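K.L.:
Every position in the sequence shown, counted from 1, becomes a number in the working numbering once 492 is added.
Ideal placement from N, C-alpha and C gives every residue a C-beta, glycine not left out.
Please read these numbers as outputs of a predicted model, since none were measured by experiment.
Before I ask anything, here is the structure I am working with.
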Amino acid sequence: MKHFSHPHALKLSELVKKKEDGDEIICSGCEQELIPSDEAAYSCPKRDCEFFLHKSCFELPRKTELKSHPNHPLILLPEPPQCSIYYDCNACGDLINGFSFHCQQECDFKLHVKCAFLPESVDCKAHEHALAVRHVTTKSSKNDEFGGLILCGVCDDSVSDAYWSYYCKDCDFCTHLQCAFSDYVAPEEQEKENEEEEEDEEGLSDATKLAMANIKAMDQMARLQFQMQMAQLNARTISMLFRSNV
């Protein structure tokens, strides 16, 4: 099958394993991992041509209209334009290396594929209410307590008002886009869960309680690793912005 983004014909098949070097297989469209045996995917059969596409990315429309950019249609580009020095997503602020939906008018609006189709609302483990996506992140009176910064309710890092966020209007609770999908649980919610778990653990054997404690410890380690990754990502982004302005 031919696809406009690649010069070679692509083959649809089941992914049964990772690459020989153990690295993840990354979709050349949405830049997300392709999970072996999860779904059929397109790949280039040419030797040493590492081009992969989710079936859903292969089927993306070449032109679309989105609520987040109602004034103009967006065109699907297979790669950043050659004239682009810093091709960042208007939703999350990260660099775009794969496909993008791009407005070809003067507004130069552009989105990752993954950001273009974000759900309008999500259930976040860190908050009791559903969060709605905000295409414009604005400050509130609550932010005055933190020197005008908008703080993410998950990772505690600042949320830029230049990009999108997920938000609970009733509680003035805000998160980065990616943080809304994390496994982090707010302390008050964790306390409730702990109380419920203590009730559930009554009558369990010591071995079972030990196994459950080990699982909790692994979850906590995963949360710490997530926060470290977010900090490193922010540092890299700031560094790249600095270099691009030098």
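Using DSSP's beta-bridge definition, name the partner residues of ILE527.
P.N.:
As a position in the sequence shown, residue 527 is number 35, starting the count at 1. DSSP output for ILE527 lists no bridge partner at all.
K.L.:
Give a yes or no on whether the C-beta atoms belonging to ILE588 and PRO572 are separated by under 8 Å.
P.N.:
In the sequence shown, residue 588 corresponds to position 96, counting from 1. In the sequence shown, residue 572 corresponds to position 80, counting from 1. Contact flag set, yes.
K.L.:
Could I get the ranges of all uninterrupted alpha helix (DSSP H) runs contained in the region 567–638, with 4 residues as the minimum, in chain order?
P.N.:
Fully enclosed alpha helix (DSSP H) runs of 4 or longer: 605–608.
K.L.:
Pair every Cβ in the region 545–554 with every Cβ in the region 519–526, then say whether three or more of these pairs are closer than 8 Å.
P.N.:
They touch, by the three-pair rule.
K.L.:
Please state whether the Cβ-Cβ distance between VAL614 and PHE673 is less than 8 Å.
P.N.:
Your numbering for residue 614 matches position 122 in the sequence shown. Your numbering for residue 673 matches position 181 in the sequence shown. Taking 8 Å as the Cβ cut-off, VAL614 and PHE673 qualify as a contacting pair.
K.L.:
So if DSSP puts HIS500 in a beta bridge, which residue, or which two residues, is it bridged to?
P.N.:
To locate residue 500, count along the sequence shown from 1; it is residue 8. Looking at the DSSP assignment, HIS500 forms no beta bridge with any residue, so it has no partner.
K.L.:
Quick one: what's LYS555 bridged to in DSSP?
P.N.:
Here residue 555 is taken as the residue at index 63 of the sequence shown, counted from 1. Paired residues: ILE567.
K.L.:
Alpha carbon to alpha carbon, how far is PHE609 from TYR534? Give it in angstroms, no decimals.
P.N.:
The count along the sequence shown starts at 1 and reaches residue 534 at position 42. The count along the sequence shown starts at 1 and reaches residue 609 at position 117. Taking the straight line from one Cα to the other gives about 21 Å.
K.L.:
If we count Cβ pairs, one from each stretch, closer than 8 Å, do we get three or more for the region 696–706 versus the region 643–656?
P.N.:
Cβ pair count under 8 Å is below three, so no.
K.L.:
If you draw a straight line from the C-alpha of VAL677 to the C-alpha of TYR658, how long is it?
P.N.:
Counted from its first residue, the sequence shown places residue 677 at position 185. Counted from its first residue, the sequence shown places residue 658 at position 166. Taking the straight line joining both Cα atoms gives about 16 Å.
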